[in-house]
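This report refers to the structure that appears directly beneath it.
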Amino acid sequence: MQGTGKYLSRRSKAREILQRISRHENAVLLVVMIGLIGVMSVVTQGVSIARANVSNMLVQSAVRGTAAIGQAFVILTGGIDVSVGGIGLFCSLLGSAVITSQTGRNIVGEPLPAFVGVAVMLLAGTGLGTVNGLVTSRVGIPALVMTLGMWEILKGAAFQVSGGMSISRLPDSLTYLGKGDIGGVPIVVIIFIAVAATGYFVLTHTTFGKNVYAVGGNPMSAWLSGINVRNLNTVIYSISGLLGGLAAVLITARIMSTSNQTLAGLEIDSIASVCVGGISLAGGRGNIIGVIIGVLIIGIANNAMSIMGATPDTQGIVKGTIIIVAVFIDYLRRHKA
Amino acid sequence: MTVDTQEQANSIRKARSLASQVVRHESFVLSVVLIGLTSVMSVLTQGATTSRVNLLNVLVQSSVRGFASIGQAFVVITAGIDVSVGGVGLFSSILGTSLLTSIVDRNLVGGPIPLMVGVTIMLVSALGWGMFNGVMVSRAYIPPLIATLGIWQITRGAAFNLVKGVTIHKLPDGLAFFGQGEIGDIPVPIILFIVIAVIAYLVLNHTRFGRNIYAVGGNPASAWLSGINVHHVLFAAYAISGLLAGVASVVWAGRIMSSSMDSLTGLEIDSISAVFVGGISVSGGKGNLIGVVIGVIIIGIINNGMSLLGANTAVQGISKGLIIIIAVVIDYLRRR
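Protein sequences, first through last, are from chains A and B.
Numbering-wise (the numbering used here), the first sequence opens with residue 2 and increments by one.
Numbering-wise (the numbering used here), the second sequence opens with residue 986 and increments by one.
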C-alpha cells in the first residue's frame, strides 16, 4: 500500500480520485462532449460558441432532448419507438390546424385559443403512444414493427391533415413559449430541463422507475417479482408519445409554423442521443444524465455541421456513424466488465 | 370388397391427403388472400386491374420490390432486419449512373464507362455495403436495427455527396434492357425475378446454408453449439440483402433511365412489408420464400389498385403502415 498509515501520499490519492471518476459511466461522455465543443469551436472559428448560436443550439437540443427522454424510458425496458418523429409531426400539424388563423387551413373553422392547440398536441401524442403501447404489450407484436407501422401511418395521416402545405399564422401567445426567456435562458430549454429532471427523479427515486430497470434487465424475473410488466410496457409508450407531443409543442411555438418537414428525423436523433448517452439497447442499463449529455453531443455536432454548411444528407453520414460507434463502444464496455 | 372399390378408396385417400397438404401449407391462405384481393381490386377498378397491360405493369414493378424482399427475407429469417436497403440501392444507383452517363460534367470520371462495367460496379458497391452490415451485426454485435439504420443514413449521405443531389440521365441504351427489355414477350425484370426467386427457394430449402439460416434465426445459441458458424451465416445473409438491393437498383435504373435522390425511396418499408405479409416471423426461424413472393405481389396489387383508384400518397402511406401491423398481428395470433 502506497503511503502508510494516515499519511497517504497525495499522488496516490489523486490517482484514486481519477480512477473513481473515470469509472463513472458519464465521466467519459462528459469528456467527449467538452472535447467536441473545443474541436468544433476551432473548426468553426469561434462561431459555434457565440452566444446567439449557443442559444439556438440549446433550443434545438431541447426539442430533441424532450423526445429523447421518452425514448430513454422505452429503450430502458428493452423496447424501441421508431414512431416518435411521426407522432411529433402529426401532433404539430393537428394542433396547428386547430389554432391557425390562415384562411381555409383551420380544420374547425375558427381559430381556437393557443392553449387548446397545445392540449390537442399533448393529448394526441399521449393517445398515439398509448396505442403503440397497447398493441405491443397486449397483442405481443415486437415494438419495432408496431412503431414502424405507426410511423408510416402517421406520415400519411399528417399529409392528409396538411395537404402537403405548411400551416402558419398561429396565435401570438405562442411566441412567449417559443421565443421568450427567463433570465436569459429560453423557456424551451427550461421546459426541457424540467422534463429531464422529472425523468431523472422518476427513474431513480420511484418504484415505477425501479420497475422500468427491472423489466429491461429481465422481464421474466420482473414479472415473477410481481411487477405488472404488461401495464408498464403500455405506459412507457404513452410517456414516449406524450413527450413526442411536447416536442411538437416546443418546435411549433418556436418556429411559429409547421409543415411536413417538422420534426423529421426525430426518431433517429432520439435513438442516437439515447445510444450515445450510454443506455444499452438490450435495456436495463443507463441513466438520464447520460442521455442529456448524449443529446448535447448530437446537438453540438449537428450545429457545427450546419455552420460549416453541411447538407442534411452529410449530417446523416455523421449521425449514422455516431450511432454505430456509440453502440459498439457500449458493447465493448458491457463485455469488458 | 372388390378390387375396383379398393383402388378407388386408395385414390380418394391420396387425393384427400394431397388436398389437405395443400391447404395446410403456410402459403395457401396467402394465395387465397391474393386471389381474393385481386378480385376485389378488379371489381373496384372496373376491370382495369386485371387487364393484361396492367398486370404486366404490376409484375414488373413488383419485381424491383421483390429483389429487395428476397434479400430481406434472408435477413429476417435470421431474426434480423435490414432498413438500409433503400439507401444502399440509392447509392448503387447514383454511383453507377454517374459513371455511365454521357453528360460529361456530371460524369465522375469524365466519360461514360462500358455498360457492363457500370452494372458490375453497381452490384459490387451494393454487395459491399451489405457485407459491411454483415460484419457489424455478426462481429461487432451491433443490433441489426441500429447497424442498418446507421448505414441507411450513411449511404444516403454518401449518395448525395457523389453528385450533389442532381438527377442523372442520358444513360447508355443497353441499360434499358434490364428494366424494359423483353425475352420472348416476357419483360426482363420478371424473368430475373423468377430466376432469383427460384434460386433463393432452392438455397433456403435444399442446401445446408439455407438450413443454417433457419437455425440461426430460430436459436443462435443452439445453432452455434451444433457447429454452425453463426458469424458466417449472418454475414452472408446481409451480404445477400445488399447484393439484391443492387440488382433492384440496376433494374430500376434501366426502367426509368435516370437516377435521383428519390430513387428507390421506401424500398426498405416495402420489402419489410412484403416479408411480413408473406408470413416470415419477426422472431426469425420460420417462414418460406413462396410466402414472400406472394406477399410481394399482394403489396403490388394493393399499391397498383390504389393508384388506379386515385388514392394520394397519404392514403398509400397509411395503408402501408396498417398492412405491416395487421400482417404481423395475424402472424402472431397464428403462432399462439
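C-beta atoms are modelled at their ideal positions from N, C-alpha and C, and glycine is treated no differently.
A quick note: this is a predicted structure, and the numbers were derived from the prediction, not measured.
Note down, in chain order, each residue of its chain lying with its Cβ closer than 6 Å to the Cβ of C92(A), except the 5 sequence neighbours on either side.
-> Hits under 6 Å: M122, A125, G126, G246 and A249.
Determine the extent of the alpha helix (DSSP H) in which E1253(B) is found, giving its start and end residues.
-> L1252 to V1262
Check whether the region 1140-1149 of chain B touches the region 316-323 of chain A, taking contact to mean three or more Cβ pairs, one atom from each stretch, closer than 8 Å.
-> yes
Output the distance between the C-alpha atoms of K1149(B) and I299(A), rounded to the nearest integer angstrom.
-> Taking the straight line from one Cα to the other gives about 24 Å.
Reducing DSSP to helix, strand and coil, say where I183(A) ends up.
-> strand
Going by DSSP, what residues sit across from I1171(B) in a beta bridge?
-> I1168(B)
Cα-Cα separation, R1193(B) to I1176(B) | 26 Å
What are the boundary residues of the alpha helix (DSSP H) that E268(A) is part of?
-> L267 to V277
Leaving aside the five residues before and after N270(A) along the sequence, list all residues of the same chain whose C-beta is less than 7 Å from its C-beta, in chain order.
-> First, the amino acid is wrong: residue 270(A) is Asp here, not Asn. Shown here for D270(A): same chain residues with a beta carbon closer than 7 Å to its own, the five before and five after excluded, namely R65 and I299 in chain order.
For a contact meaning CB atoms closer than 8 Å, what does T1298(B) contact in chain A?
-> G157 and F160
Which class does T235(A) belong to by DSSP, given the choice of helix, strand or coil?
-> In the structure shown, T235(A) sits in a helix (DSSP, three-state: H, G or I).
By the 10 Å Cβ neighbour count, where 16 or more other Cβ atoms means buried, how is L264(A) classified, buried or exposed?
-> buried
Which bits of chain D does T322(A) rub up against, with CB to CB less than 9 Å?
-> Going by chain labels, chain D is absent from the structure shown, which instead holds the protein chains A and B.
Note down, in chain order, each residue of its chain lying with its Cβ closer than 8 Å to the Cβ of M1291(B), except the 5 sequence neighbours on either side.
-> V1300, Q1301 and S1304
Does the beta carbon of V1262(B) come closer than 7 Å to any beta carbon on chain A?
-> no
What is the DSSP secondary structure of I1153(B), counted as helix, strand or coil?
-> strand
Pick helix, strand or coil for T78(A), following the three-state DSSP scheme.
-> coil
Min CB distance G150(A) to chain B below 7 Å | yes
Looking only at C-alpha atoms, which of L1318(B), A1221(B) and V1201(B) sits nearest to W1114(B)?
-> A1221(B)
Got a sec: is the Cβ-Cβ distance from P1128(B) to anything in chain A below 7 Å?
-> yes
Please name the residues in the region 279-304 of chain A whose beta-carbon is closer than 7 Å to at least one beta-carbon of chain B, in chain order.
-> L282
Run through DSSP, which three-state label would S1234(B) get?
-> helix
Helix, strand or coil: which one does DSSP assign to T322(A)?
-> helix
Environment of D1158(B) [buried if 16+ CB atoms lie within 10 Å] = So D1158(B) counts as exposed.
Checking contacts by CB at 7 Å: is A1230(B) closer than that to chain A?
-> No, A1230(B) does not count as interfacial toward chain A.
When DSSP labels each residue in this structure, what does S260(A) get in the three-state scheme?
-> coil
Length-filtered (4 minimum) alpha helix (DSSP H) runs lying within the region 1022-1107 of chain B = 1037-1062 and 1070-1085
Using a beta-carbon distance below 7 Å, is Y353(A) in contact with chain B?
-> Only positions 2 to 338 of chain A appear in this structure, which leaves residue 353(A) out of reach.
In three-state DSSP terms, what is S167(A)?
-> Three-state result, S167(A): coil.
Chain B contacts made by the region 306-319 of chain A, where a contact means CB separation under 7 Å = T312, D314, T315, G317 and I318
So is I325(A) in contact with chain B if we call contact Cβ pairs under 7 Å?
-> By this cut-off, I325(A) is an interface position.
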